[in-house]
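Trainee: In the working numbering, the protein residues as written are 77 to 154. C-beta: ideal position from N, C-alpha, C; glycine also. Note that the structure is predicted; figures quoted are calculated from it, not measured.
#1: Look at the Cβ atom of residue 65, then the Cβ atom of residue 108, and state whether they are nearer than 8 Å.
#2: Can you look up residue 78 in the DSSP assignment and give me helix, strand or coil?
#3: Relative to the C-alpha of residue 120, which candidate in 102, 131, 112, 83 has its C-alpha closest?
#4: Take residue 125 and list the residues in its own chain whose beta-carbon comes closer than 6 Å to its own, dropping the five residues that flank it on each side.
#5: When the distance is taken between beta carbons, is residue 94 closer than 8 Å to residue 105?
#6: Here's a check: name, in chain order, each residue in its chain whose Cβ is nearer than 6 Å to the Cβ of residue 81, leaving out the five neighbours to either side.
#7: Rounded to whole angstroms, how far is the Cβ of residue 122 from the Cβ of residue 135, which I believe are closer than 8 Å?
Below, the structure is given as structure tokens:
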């Protein structure tokens with residue numbers, strides 16, 4: 077789905093809105109979560125290019141605990 081403000085990417089697990097925004101430091105890609113918690117990140121061209129250098133499995137490691145450990149200061153054991 078898309079409109080003049082960007083597009084929505086969704087599946088059964090998550091939904092995000094993606095759009096290009098102009099900032100005083102140049103253009104950024106803004107990614108906004110559409111879930112119960114409204115998280116937003118703005119990435120510049122270098123940050124986006126760096127994603128292309130990464131292995132998909134490495135990028136996906138953040139999904140193990142996307143909001144951090146349950147208890148502050150405690151690392152999750154495997």
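Mentor: If we stick to the structure as given:
#1: The chain is shown from 77 up to 154; residue 65 falls before or after that span and cannot be answered.
#2: Position 2 of the chain shown, counting from 1, holds the residue named residue 78. Because residue 78 sits at a pLDDT of 49, beneath the cut-off of 50, its placement in the model cannot be relied upon, and the following sentence gives the value as read from the coordinates. In this structure, residue 78 counts as strand in the three-state DSSP scheme.
#3: Taking the first residue of the chain shown as position 1, residue 120 is located at position 44. If we check each option's Cα against that of residue 120, 102 comes out closest.
#4: As a working mapping, residue 125 is identified with position 49 in the chain shown. Closer than 6 Å at Cβ, skipping near neighbours: no residue.
#5: Counted from its first residue, the chain shown places residue 105 at position 29. Counted from its first residue, the chain shown places residue 94 at position 18. Result yes, Cβ atoms of residue 105 and residue 94 sit closer than 8 Å.
#6: On the chain shown, residue 81 is found 5 positions in, with the first residue counted as 1. Excluding residues within five positions, the ones whose Cβ falls inside 6 Å are 95.
#7: Within the chain shown, the letter at position 46 stands for residue 122. Within the chain shown, the letter at position 59 stands for residue 135. Not quite, the Cβ-Cβ distance comes to about 16 Å (not below 8 Å), so this is no contact.
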